[in-house]
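Chains as they are written, first to last, in this note's numbering: chain A, 1067 to 1240; chain B, 4 to 204; chain C, 8 to 323.
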Amino acid sequence: MREEVKRILGIAIPLIIICIISGAALTATYGLTEERIEAVEQQKINESLSTIFLGASFTEMDDYYIATVSGEEIGYAFIAEGTGYGGTIRTMVGMYPNGTISGVSIISQSETPGLGTRIAEPDFTNQFSGKRIEGVRLRRDGGVIDAITGATISSRAITDIVRERAEVVMNETR
Amino acid sequence: MKLDELTKGVFKQNPIFYLVLGLCPTLAVSTRVDNALGMSLGVFFVLVCSNVIISLFKHRIPPQVRIPCFIVIIASFVTIVDLFMHGYAPELHERLGIYLPLIVVNCIILGRAEAFASKKSVFDSFLDAVGMSIGFMLAIVGIALCRETLSSGKIAIFDYTIVPTFTQSPSVMMTLPPGAFLTIAVIMAMIKYKAIRKEGR
Amino acid sequence: MPELIVSPSPHIRSDVSIEKIMYSVIIALIPTTACGIYFFGVHVLYVIITCILSALFTEYVALRLMGRKFVMDGSAVITGLLLALCLPPGLPLWMAAIGAAFAIAFAKCAFGGLGHNIFNPALIGRAFLTASWPVAMTTWTKPLTYDAITTATPLGLWKMQNIATPYINLALGNVSGCIGETSALAILIGGVFLIAKRYIDWRTPVSYIGTVAVLAFALGQDPLFHILAGSLFLGAFFMATDYVTTPITRNGRIIFGVGAGVIVVVIRLIGGYPEGVCFSILLMNAFTPLIDRHVRPRVYGVKRKRFFVSSANEGD
């Protein structure tokens, strides 16, 4: 019996020690890089926020931002994400309180290069500006957005992502 | 003799073209030369560290649980690379995406740990890791150079243009995984063709 | 010199040679080619010549590299011609040349040359070009204008805007589309010629086109539109009947046609692309060895037991 316990411990203890050392090393690395990573992530969000409402300052709410210019509330900004043709599409959306989209910018996407990636080009994203939430659909789905030729799925994905999230935020802010 | 351990990974036992290991990251991140370089640096760091550590403790690691031990060690180094890259090279981190944490399951690293580092001396393991990393880097950067050239219509590394735009309509397919398969196949075929010709003479 | 030659069947040699069949196919493609040139102008002729020359040149180089002799058997000419016929009329010539070279080098010679390829080389060339230059490969010229006014294909119009094209235009070819796919009538003439000469089996095109018609009808679509629009006729008569990449047995050919027909309808109605003929034939090409393995011709004199022979008691 004692032999058996000894054998098992002989196997387990080295593994445990390796795990403890690894854990310690990771904790230390995490502590070293935590601040830096947070700053990087925050900067990414800030950059896309500032492209949506130029010159505004932002207050973070639960899952959206309130944009203010000299103390006055001018709109909301929020991140909308969902599945496109090639993976997750992450967008930053700006919306006026009356339910009109002020602008859309793509934070990250992995669509087909040369076709689906054109959803990130201003020619496509500028279409969203000034459109009411209900109209954010492709023309062939009864909306006012022109799809990119050859990339209907990506185009539809982004309009759905933006519209669905905008509706949720609209209800929350009402 | 010692030099052999270093050079074998570069040519004779090139991990990608001869051992055919580590193809998943090769397919995924060889779209651009700078991505490929970033990936190679990550693999270099993880492979050298894990090979040295595993070789150092090879007599302490019980053979029954050696694979879990290797994976814990490798995964720790991968996470360290991941965290540092996220903080200090965020753009590269985003482009490598999921393939950076997936270095854990890069067959080259576990393969070298199991086949080499767990049997040989620390110094030999170090040389082996360096050689394999260089071999991996040459292969993946070579593939990336072909793919980036054909898929962007120009050669530019780190915004430094070497060959200016030669076509307005480059091949989209070369940015997709089939492009990587084709490139690897063509390079492998050329290597084999040369080897057969050499044997025949 | 061996005195006694022992070889497996067939032992009877006919005077039908590869060259003869290949050149008959080329003759059968003349009406289609002529239609393409008439509707889309002289650039089409350049695309066709480029594809054929590129295919021949690539075959020559590849065979030399493989240490084999180049034989002018017409198969490379057909690959080049068929590829050209399923390209958009306004495609840049260098893309056409790359497509033909890719088709011969990767889809044919890399597998060991004529008779060894799994996939139809012309369609691989097309698939490669579609993946590489999706924009150029979906830029369609308006027929009879000769100055590169772009429009959507009948299938594109149907899928994106729900607009139907008159049958008469689809039959004659006065619509936009690939060089050789627009005129159903011209393809039919060539196809019937080949069937009459017994160079191709009527079962494949009939089961293929029939499946598309039946399935389209069953799903509430216009069956006549679905068989006339797109490259279904071209694919059914000239690509799904390729000797090397499709089943050898009669029943196998029917299975091939039905399978390809189902895939076409699925891609057209559910998939992202308006047209699915190219992919349907390539996918069924992949199933061809399986079909040939399980659908065996009845051995003469042996009582028929079951239609399908299970692989367990196959004995090879």
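Where a beta carbon is used, it is the ideal one built from N, C-alpha and C, also for glycine.
Where residue i sits in the DSSP three-state scheme
| i | result |
| --- | --- |
| Gly198 of chain C | helix |
| Leu98 of chain C | coil |
| Ile274 of chain C | helix |
| Ala159 of chain B | strand |
| Thr146 of chain C | coil |
| Glu1187 of chain A | coil |
| Glu1107 of chain A | helix |
| Thr211 of chain C | helix |
| Thr158 of chain C | strand |
| Gln171 of chain B | coil |
| Trp140 of chain C | coil |
| Ile83 of chain B | helix |
Residue i versus residue j: straight-line alpha-carbon distance, rounded
| i | j | result |
| --- | --- | --- |
| Gly1160 of chain A | Tyr1142 of chain A | 6 angstroms |
| Arg115 of chain B | Ile146 of chain B | 22 angstroms |
| Ser154 of chain B | Phe184 of chain B | 14 angstroms |
| Glu321 of chain C | Arg257 of chain C | Unreliable placement is indicated for Glu321 of chain C, whose pLDDT of 42 sits below 50; no coordinate value is reported for it. |
| Gly187 of chain C | Ser214 of chain C | 21 angstroms |
| Ala83 of chain C | Asn38 of chain B | 40 angstroms |
| Pro161 of chain C | Gly237 of chain C | 7 angstroms |
| Gly81 of chain C | Ile33 of chain C | 9 angstroms |
| Ala31 of chain B | Tyr102 of chain B | 7 angstroms |
| Gln1109 of chain A | Asp1129 of chain A | 17 angstroms |
| Ile1086 of chain A | Thr1093 of chain A | 10 angstroms |
| Lys11 of chain B | Asn17 of chain B | 7 angstroms |
| Thr145 of chain C | Gly1137 of chain A | 51 angstroms |
| Ala171 of chain C | Ser190 of chain C | 16 angstroms |
| Leu59 of chain B | Met1067 of chain A | 32 angstroms |
| Ala188 of chain B | Ala118 of chain B | 26 angstroms |
| Phe200 of chain C | Ala41 of chain C | 16 angstroms |
| Pro173 of chain B | Gly264 of chain C | 36 angstroms |
| Cys72 of chain B | Glu1187 of chain A | 47 angstroms |
| Gly156 of chain B | Gly132 of chain C | 21 angstroms |
| Tyr1162 of chain A | Gly43 of chain C | 54 angstroms |
| Leu1081 of chain A | Ile70 of chain B | 10 angstroms |
| Leu94 of chain C | Leu276 of chain C | 22 angstroms |
Cβ neighbours of residue i in the same chain (closer than 6 angstroms, five flanking residues each side left out)
| i | result |
| --- | --- |
| Ala192 of chain B | none |
| Met176 of chain B | Gly182 |
| Ala1146 of chain A | Thr1157, Val1159, Ile1227, Val1228 and Arg1231 |
| Ser342 of chain C | Outside the displayed range of chain C (8 to 323) lies residue 342 of chain C, so it cannot be described from this structure. |
| Ala1213 of chain A | Leu1204 and Ser1221 |
| Lys115 of chain C | Asn124 and Pro128 |
| Leu121 of chain C | Ser82 |
| Ile25 of chain C | Asp80 |
| Lys149 of chain C | Ile156, Thr158 and Ser183 |
| Pro180 of chain B | Leu30 |
| Asp323 of chain C | Residue placement at Asp323 of chain C is flagged as unreliable, the pLDDT there being 39, under the threshold of 50; a coordinate-derived value is accordingly withheld. |
Strand pairing of residue i, partner residues [DSSP]
| i | result |
| --- | --- |
| Tyr1131 of chain A | A:Glu1126 and A:Ala1143 |
| Met1158 of chain A | A:Ile1145 and A:Ser1171 |
| Val166 of chain B | B:Ile158 |
| Arg1198 of chain A | A:Thr1166 |
| Leu1204 of chain A | A:Ile1211 |
| Glu1138 of chain A | A:Val1135 |
7 angstroms CB neighbourhood of residue i in its chain, flanking five on each side removed
| i | result |
| --- | --- |
| Phe224 of chain C | Pro230 |
| Val219 of chain C | His233, Ile234, Leu239, Gly268, Val271 and Val272 |
| Val255 of chain C | According to the sequence as given, residue 255 of chain C is Ile; it is not Val. Counting only Cβ-Cβ distances below 7 angstroms, and skipping sequence neighbours, we find Asp299. |
| Pro38 of chain C | Ala193, Ile196 and Gly197 |
| Pro9 of chain C | For Pro9 of chain C, the predicted model reports a pLDDT of 48, less than 50, meaning its position is unreliable; a value from the coordinates is still stated below. Counting only Cβ-Cβ distances below 7 angstroms, and skipping sequence neighbours, we find nothing. |
| Ser31 of chain C | Leu201, Lys204 and Tyr206 |
| Val76 of chain B | The question names Val, but residue 76 of chain B is Ile in the sequence shown. Excluding residues within five positions, the ones whose Cβ falls inside 7 angstroms are Ser53, Ile56 and Ile57. |
Beta-carbon contacts of residue i that lie in its chain and below 8 angstroms, excluding the five residues immediately before and after
| i | result |
| --- | --- |
| Lys5 of chain B | Phe126, Asp127 and Leu130 |
| Val316 of chain C | Since pLDDT at Val316 of chain C reaches only 48, below the 50 mark, its modelled position is unreliable, and the value read off the structure follows with that caveat. Only His301 and Arg303 meet the Cβ criterion. |
| Met1127 of chain A | none |
| Val13 of chain B | Gly134, Ile137, Gly138 and Leu141 |
| Met29 of chain C | Asp80, Gly81, Ser82, Val84 and Ile85 |
Distance cut-off 6 angstroms: residue i Cβ against heavy atoms of the ligand COA
| i | result |
| --- | --- |
| Arg71 of chain C | Absent from the structure shown: the ligand COA. Ligands present: none. |
Would you call the segment 1173-1188 of chain A and the segment 1146-1160 of chain A touching, i.e. three or more CB-CB distances under 8 angstroms?
-> yes
Evaluate the contact criterion for the segment 1205-1215 of chain A versus the segment 1161-1176 of chain A: three or more CB pairs, one atom per stretch, below 8 angstroms.
-> no
Validate contact between the segment 247-262 of chain C and the segment 123-140 of chain C using beta carbons, cut 8 angstroms, 3 pairs | yes
Does the segment 78-96 of chain B come close enough to the segment 135-144 of chain B that 3 or more CB-CB pairs lie under 8 angstroms?
-> no
Any chance the segment 104-124 of chain B sits against the segment 36-50 of chain B, with 3 or more Cβ pairs inside 8 angstroms?
-> yes
For the segment 280-296 of chain C and the segment 62-78 of chain C, state whether three or more C-beta atom pairs, one from each stretch, are separated by less than 8 angstroms.
-> no
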